[in-house]
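First to last, the protein sequences are chains A and B. Following the numbering used here, the numbering of the first sequence begins with 56 at its first residue and continues without gaps. Following the numbering used here, the numbering of the second sequence begins with 56 at its first residue and continues without gaps. The C-beta atom is built at its ideal place from N, Cα and C for all residues, glycine as well.
Number of protein chains: 2
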Amino acid sequence: MSVQGPSIRNGHKAAIREENEKAILEAAEQVFAEYGFSGATTSRIAERAGIPKANLHYYFPTKEDLYRRVIDNIFNIWLEAANSLDESDDPRRALTRYIHTKMDLSRSRPLGSKVWANEIIQRAPIIQDYLETTLREWTASRAGMIQRWIDEGKILPIEPRYLLYMIWATTQHYADFGHQITTLNDGQELSDEQWQEAKRNVTEIILRGIGISS
Amino acid sequence: MSVQGPSIRNGHKAAIREENEKAILEAAEQVFAEYGFSGATTSRIAERAGIPKANLHYYFPTKEDLYRRVIDNIFNIWLEAANSLDESDDPRRALTRYIHTKMDLSRSRPLGSKVWANEIIQRAPIIQDYLETTLREWTASRAGMIQRWIDEGKILPIEPRYLLYMIWATTQHYADFGHQITTLNDGQELSDEQWQEAKRNVTEIILRGIGISS
DNA sequence: AATAATCCTGACCGATTGGTCAGGTAATAA
DNA sequence: TTATTACCTGACCAATCGGTCAGGATTATT
Chain A
56 MSVQGPSIRN GHKAAIREEN EKAILEAAEQ VFAEYGFSGA TTSRIAERAG IPKANLHYYF
116 PTKEDLYRRV IDNIFNIWLE AANSLDESDD PRRALTRYIH TKMDLSRSRP LGSKVWANEI
176 IQRAPIIQDY LETTLREWTA SRAGMIQRWI DEGKILPIEP RYLLYMIWAT TQHYADFGHQ
236 ITTLNDGQEL SDEQWQEAKR NVTEIILRGI GISS
Chain B
56 MSVQGPSIRN GHKAAIREEN EKAILEAAEQ VFAEYGFSGA TTSRIAERAG IPKANLHYYF
116 PTKEDLYRRV IDNIFNIWLE AANSLDESDD PRRALTRYIH TKMDLSRSRP LGSKVWANEI
176 IQRAPIIQDY LETTLREWTA SRAGMIQRWI DEGKILPIEP RYLLYMIWAT TQHYADFGHQ
236 ITTLNDGQEL SDEQWQEAKR NVTEIILRGI GISS
């Protein structure tokens, strides 16, 4: 978190590495988000990072290595955000916090969401193992949590999985389809007020939809 | 709709053309859905259509021509489905029908949805004009319709646009993220029963969410 | 039967792809 | 100071890209 002349003072080399890797990863996220894995080119990424292509391949030997690192970053950010579901045992509080967190991520890190979307649309050629391990476990555990709320009569009986899908779909839509939303907003990105309103609407509809009266 | 030895009898040439164009468009939808515009290659499309690449370029001079035709098909199908919103003035009936239609389309034509998703993620380089004309008009008109329901007290006050986005996001998620859903379903595609359950859950949560009691 | 129109395709084009490599420069360790 | 290590990059590679083209094969028109 600390901001200081690159890296720990001492280690000019280390600082250079850190700086370049960061620039490359940022550029890669942009290009992968926009063109998908196959459509992205390493020369375009290098250009956007402001370095020669050969230098990019010095840090990341193959395009796939770079792609994996980008996906890794995103997945970890999402996993962290996912914890917001656990911080309360009250469904209203837990779900409100989770939906808000995901909406905020769609606004602050739309590129990550797009890379993920591209990867899934392409049938997850690279990260299938994530889906089958971490994501599957996470989903099962949270579905169980929601089921308990149902059993305790805190929310109406619905299939937990389909509720989770709805939350993912709706929140990530604001990142993945941001361009469409902007166009339908007369070419203007959603203002702070509109974003607040969207969050409120999404949260209210879903909560009320599962029987949590506002 | 009629099935008969290719084309209208008479015109063997016309029949051949019809057959080949269809094969190419089908193959193109698959490949564009999976790889996006930049990632798709004409040779891969030709291969999947079972013809030489040069023959593909005989029917569709450029990759962009072919892509436009694919997008055109999808957009028209969606527009037609969109009419299901208008066939009733009762919000429950109209929205139920619309949601069901979109869910059915996500199941029967997931590739079209994926091509659209790819295009929007890439900021709609090809079809921006559709967004700014047809889609903008359609959205404004339906938002007005929903607003009228609100004014008449038939549904709770929400911003119509965000309701539409939620419907699009949730229904299209079952196409675009179908692979993720399948993986989380232990590698099995959703069965007929699960699909029915998903449709019912989605519809109920959204309707109840805007104040239409079930 | 002759002519015209359409369908078809192997071979080819310049441009771009992901990736390599030899050799140079700058920082660190001895 | 002298090795040693790490960083950097122009030039290059085979493979593939979107697209062309000459010319052969079929079908339609006269």
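Task: Under the three-state DSSP convention, the category N131/B falls into - done: helix
TODO: Taking only heavy atoms of the ligand SAH into account, decide whether any of them is closer than 7 Å to the Cβ of M158/B.
DONE: In the structure shown, the ligand SAH is absent, as is every other ligand, since no ligand is present at all.
TODO: Answer with buried or exposed for K169/A, where buried requires no fewer than 16 other C-beta atoms within 10 angstroms of its C-beta.
DONE: buried
TODO: Residues of the region 80-112 of chain B with a CB closer than 9 Å to any CB of chain A: list them in chain order, please.
DONE: A88, E89, Y90, G91, F92, S93, G94, A95, T96
TODO: Return no unless some Cβ of chain B is closer than 8 Å to the Cβ of Y114/A.
DONE: no
- [ ] Could you tell me whether the Cβ atoms of I261/B and M221/B are closer together than 8 Å?
- [x] Going by C-beta atoms, I261/B is nearer than 8 Å to M221/B.
- [ ] May I ask you to list, following chain order, the residues of the region 111-141 of chain A that have a beta carbon less than 9 Å from some beta carbon of chain B?
- [x] Answer in chain order: no residues at all.
Task: Under 8 Å from the C-beta of Y153/A: neighbouring residues of chain B - done: Result: empty, since nearest Cβ-Cβ is about 16 Å, beyond 8 Å.
Task: Cβ-Cβ separation, G264/B to G264/A (assumed contact under 8 Å), whole Å - done: The beta-carbon distance between G264/A and G264/B, rounded to whole angstroms, is 3 Å. This is short enough to meet the 8 Å contact definition.
Task: Expected contact under 8 Å - CB spacing of K77/B and M158/B to nearest Å - done: That belief does not hold up - the Cβ atoms of K77/B and M158/B are roughly 26 Å apart, past 8 Å.
Task: Segment contact, 8 Å Cβ cut-off, at least three pairs: the region 214-229 of chain B with the region 228-247 of chain A - done: yes
TODO: Taking all protein chains shown into account, decide if G66/B is buried (16 or more other Cβ within 10 angstroms of its Cβ) or exposed.
DONE: The residue is exposed, with fewer than 16 neighbouring Cβ atoms inside 10 Å.
Open item on the list: Between Q235/A and chain B, is any beta-carbon pair separated by less than 8 Å?
Closed with: yes
TODO: Look at the alpha carbon of N75/A and the alpha carbon of S93/A, and state the distance between them as a whole number of angstroms.
DONE: Roughly 23 Å between the two C-alpha positions.
Open item on the list: Spatial neighbours of A149/A within its chain, please: C-beta separation below 6 Å, excluding the five flanking residues on both sides.
Closed with: L140, S143
Open item on the list: Measuring only the C-alpha atoms, how far is N256/B from A82/A?
Closed with: 40 Å
- [ ] Could you spell out where the alpha helix (DSSP H) holding S168/A opens and where it closes?
- [x] 165-176
- [ ] Would you kindly work out how many angstroms separate the C-alpha atoms of Q243/B and A69/A, rounded to a whole number?
- [x] 47 Å
Open item on the list: What does the Cβ neighbour count give for Y113/B, buried or exposed, with the cut at 16 atoms within 10 Å?
Closed with: exposed
Open item on the list: For T238/A and E187/B, I'd like the C-alpha separation in whole angstroms.
Closed with: 7 Å
- [ ] Would you mind sorting P165/B into buried or exposed? The rule is 16 or more other CB atoms within 10 Å of its CB.
- [x] buried
Task: Cβ contact check for the region 198-215 of chain B and the region 189-202 of chain A: 3 or more pairs under 8 Å - done: Touching, no.
Open item on the list: Looking at chain A, is there any beta carbon in it that lies within less than 8 Å of the beta carbon of E187/B?
Closed with: With its beta carbon less than 8 Å from one in chain A, E187/B belongs to the interface.
Open item on the list: Since G91/B and Q177/B should fall inside the 8 Å C-beta cutoff, what is the C-beta to C-beta distance between them, to a whole number of angstroms?
Closed with: 6 Å
Task: Same chain only: Cβ atoms within 6 Å of E84/B, ignoring 5 sequence neighbours per side - done: Taken in chain order, the residues that qualify are V125, L166.
- [ ] Output, in sequence order along the chain, the residues in the region 155-169 of chain A whose CB is closer than 7 Å to any CB in chain B.
- [x] K169
Task: Nearest residue (CA-CA) to E135/A, options I181/A, L190/A, E89/A - done: L190/A
TODO: Ignore the nearest five residues each way along the sequence and tell me which others in R147/B's own chain have a CB closer than 7 Å to its CB.
DONE: Counting only residues of its own chain and dropping the five nearest sequence neighbours on each side, R147/B has a CB closer than 7 Å to the CB of L262, I267.
Open item on the list: Please state whether the Cβ-Cβ distance between I181/B and R99/B is less than 8 Å.
Closed with: Contact: no.
TODO: Please check if any C-beta of chain B sits within less than 8 Å of the C-beta of G264/A.
DONE: Closer than 8 Å to some Cβ of chain B, the Cβ of G264/A qualifies, so yes.
TODO: Consider the Cβ of L150/A: report whether some Cβ of chain B lies at a distance smaller than 8 Å.
DONE: no
Open item on the list: Judging by CA-CA distance, which residue of N240/A, R162/A, Y185/A, R216/A is the nearest neighbour of T194/B?
Closed with: N240/A
Task: Closest Cα partner of G208/A within the set T151/A, L160/A, W250/A, D145/A - done: In terms of CA proximity to G208/A, D145/A leads the group T151/A, L160/A, W250/A, D145/A.
- [ ] For S53/A, collect the residues of the same chain with a Cβ closer than 7 Å to its Cβ; drop the 5 residues on either side in sequence, then sort them by chain order.
- [x] What is shown of chain A runs 56 to 269, which leaves residue 53/A out entirely.
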